[in-house]
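Numbering follows our numbering, in which position 290 of the sequence shown is assigned residue number 303; successive positions increment by one, without gaps.
Virtual Cβ for every residue (Gly too), placed ideally from N, Cα, C.
Please read all numbers here as calculations on a predicted model, not as lab measurements.
Structure first, then comments.
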Amino acid sequence: MSQFWSGIVHELTPYVPGEQPKVQDLIKLNTNENPYGPSPKVIAAITAEATDALRLYPDPNSERLKTVIADYHGLSAAQVFVGNGSDEVLAHVFQALLKHSRPLLFPDITYSFYPVYCGLYGIEYEAIPLDRHFEINIHNYDRPNGGIIFPNPNAPTGIPLELDKIEALLQKNRYSVVVVDEAYVDFGTESAVRLINTYPNLLVTQTLSKARSLAGLRLGFALGHPDLIEALTRVKDSFNSYPVDRLAEAGAIAAMQDVDYFEAMREKVIAARDSLVKKMEAIGFVILPSGANFILAKHPSIDGETLAQKLREQRIIVRHFKKPKRIAPFVRITIGTELEMAQLLKAFTFIVST
């Protein structure tokens, strides 16, 4: 029945999310979810909000949540935009701020949703190659553009870009928007948020899915100059005036306010990552430096696809990317609990020794 599709649908190549297996007893290390649950205060806040007030629409502007996020980052509420997950926020960013006559620039190895949004909104883009160390070279972005976007740390490489380089990029691109997608920033990468009041062309996006363990809640936000936020709000209100429901807002406020729990859980993930890297390197793996809650790793004698399959035989799921070819030798591994990492290392030791 595809004859009923709009013309653009035939041309789209949709984003493919990580596998969500139905089997229960797998070690799931493929979608960068936090291995630890959200703060108990989040559960309590959501439970308290589950009243007959759910018959009423939520606040379309999520003012209480914006204020909490603004206070946490030392900004004003006018500098905050919230949405139903950072993917929705990014979708509005592409439409509101990145569709211009000149091409959008982003790395050739990066979050694969970026070219999907370009296809959906008819945005011309150029994919700028990472260097031989899989790092972003800001000098390669010194060309005419209608905007720049990249994750920091990058995904799926996990490699952070230093703040001074981000600032240099902003200084050279004062007449286009630079979007820093900080989905994984809390695991050891310096945030660009402190540059917002200096550079009105900077937009930073973040999510509560990773470090705050709320992937199932769907809450993301953007931080930037009020003029950028207004553009996002105009698009949002032309699409869905109520993207954040009452339960999500209550849970998100509690998550942002429980700083002690947030710090404790992210430190556990960072410690597990650093320990795993050392142990994997000891048995021959090559691992890219990571400032995220995942690592990109390869073994010199086992290709990435085979490695992912052999792990699956051990009931462990990781992510393998066939494209681009440069990362095909690698697998991306989400950092799990200490027990999960011990089981992963045991499986790796078995695989490389057989």
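Any chance the stretch 88 to 95 sits against the stretch 143 to 159, with 3 or more Cβ pairs inside 8 Å? At 8 Å Cβ cutoff, the stretches do not touch.
Which ranges does the beta strand (DSSP E) cover as unbroken runs of at least 3 residues, wholly within the stretch 242 to 323, from first to last along the chain? For the stretch 242 to 323, whole beta strand (DSSP E) runs of length 3 or above, ordered along the chain, are 307 to 311.
At the level of alpha carbons, what is the spacing between L309 and L236? Stepping through the sequence shown from its first residue, residue 309 is reached at position 296. Stepping through the sequence shown from its first residue, residue 236 is reached at position 223. Going from the Cα of L309 to the Cα of L236 covers about 28 Å.
Starting from the C-beta of Y255, find all residues in its chain whose C-beta is less than 7 Å away, skip the five residues before and the five after it, and write them out in chain order. Within the sequence shown, numbered from 1, the residue matching residue 255 stands at position 242. Correct list, in chain order: Y70, P71, P73.
On the three-pair Cβ rule with 8 Å, is the stretch 160 to 180 touching the stretch 188 to 200? Flag = yes, the stretch 160 to 180 and the stretch 188 to 200 touch.
Can you have a look at R225 and say buried or exposed, based on whether 16 or more other CB atoms are within 10 angstroms of its CB? Here residue 225 corresponds to residue number 212 of the sequence shown, with the count starting at 1. R225 should be labelled buried.
Give every residue of the same chain whose Cβ lies closer than 7 Å to the Cβ of V102, excluding the five residues on either side of it in the sequence, and list them in chain order. For this step, residue 102 is matched to residue 89 along the sequence shown. Same-chain partners within the cutoff: F94, G96, T218, G233, F234, A235.
Let me check understanding here. Comparing Cα to Cα, which of F275, N306, E294 lies closest to A284? Counted from its first residue, the sequence shown places residue 284 at position 271. With respect to the C-alpha of A284, the residue from F275, N306, E294 having the closest C-alpha is N306.
Under 6 Å Cβ to Cβ from F298, same chain only, skipping five residues before and after it: list those, please. The residue labelled residue 298 in the question sits at position 285 within the sequence shown. Same-chain partners within the cutoff: A310, H312.
Just reading off the beta strand (DSSP E) that L161 is part of, what are its end residues? Position 148 of the sequence shown, counted from the start, is the residue given in the question as residue 161. The residue you asked about is not Leu; residue 161 is Ile in the sequence shown. That run of the beta strand (DSSP E) goes 160 to 164.
Relative to the C-alpha of T347, which residue among G20, T211, K41 is closest? Position 334 of the sequence shown, counted from the first residue, corresponds to residue 347. Nearest of G20, T211, K41 to T347, Cα basis: K41.
If you measure between the beta carbons of N214 and L183, is that distance less than 8 Å? If you number the sequence shown from 1, residue 214 lands on position 201. If you number the sequence shown from 1, residue 183 lands on position 170. The Cβ-Cβ distance between N214 and L183 falls below 8 Å.
Output the distance between the C-alpha atoms of K292 and D273, rounded to the nearest integer angstrom. Within the sequence shown, numbered from 1, the residue matching residue 292 stands at position 279. Within the sequence shown, numbered from 1, the residue matching residue 273 stands at position 260. One C-alpha to the other measures close to 29 Å.
Three-state secondary structure (DSSP) at V206? Residue mapping note: residue 206 aligns to position 193 of the sequence shown, counting from 1. Helix.
At the level of alpha carbons, what is the spacing between E295 and A277? The residue given as residue 295 occupies position 282 in the sequence shown. The residue given as residue 277 occupies position 264 in the sequence shown. At residue 295 the sequence reads Ala, which differs from the Glu that was named. A295 and A277: Cα-Cα distance of roughly 28 Å.
Looking at the unbroken alpha helix (DSSP H) that takes in T123, where does it start and where does it end? By one-based count along the sequence shown, residue 123 stands at place 110. Neither: T123 is in no alpha helix (DSSP H) and is coded neither H nor E.
For T60, the first and last residue of its enclosing alpha helix (DSSP H): Position 47 of the sequence shown, counting from 1, holds the residue named residue 60. That run of the alpha helix (DSSP H) goes 53 to 62.
Assigned exposure category for I82 - 16 Cβ within 10 Å defines buried: Within the sequence shown, residue 82 is the residue found at index 69, counting from 1. Buried, by the Cβ-count rule.
Counted within 10 angstroms of its Cβ, other Cβ atoms place V29 as buried (16 or more) or exposed: Against the sequence shown, residue 29 aligns to sequence position 16. It is exposed - the Cβ of V29 has fewer than 16 other Cβ atoms within 10 Å.
Could you check whether the stretch 315 to 327 touches the stretch 50 to 69, counting it as contact only if at least three pairs of C-beta atoms, one from each stretch, sit closer than 8 Å? Flag = no, the stretch 315 to 327 and the stretch 50 to 69 do not touch.
Just to confirm my understanding: we take R231, look at its own chain, exclude 5 residues before and 5 after, and list those with CB closer than 7 Å. What are they? As a working note, residue 231 is residue 218 in the sequence shown. Closer than 7 Å at the Cβ level, and outside the excluded window around R231, lie N97, G98, A261.
Please check the pair Y85 and L118, which I expect to be a contact at CB under 8 Å, by giving their CB distance rounded to whole angstroms. On the sequence shown, residue 85 is found 72 positions in, with the first residue counted as 1. On the sequence shown, residue 118 is found 105 positions in, with the first residue counted as 1. At roughly 30 Å, the Cβ-Cβ gap does not stay under 8 Å, so Y85 and L118 are not in contact.
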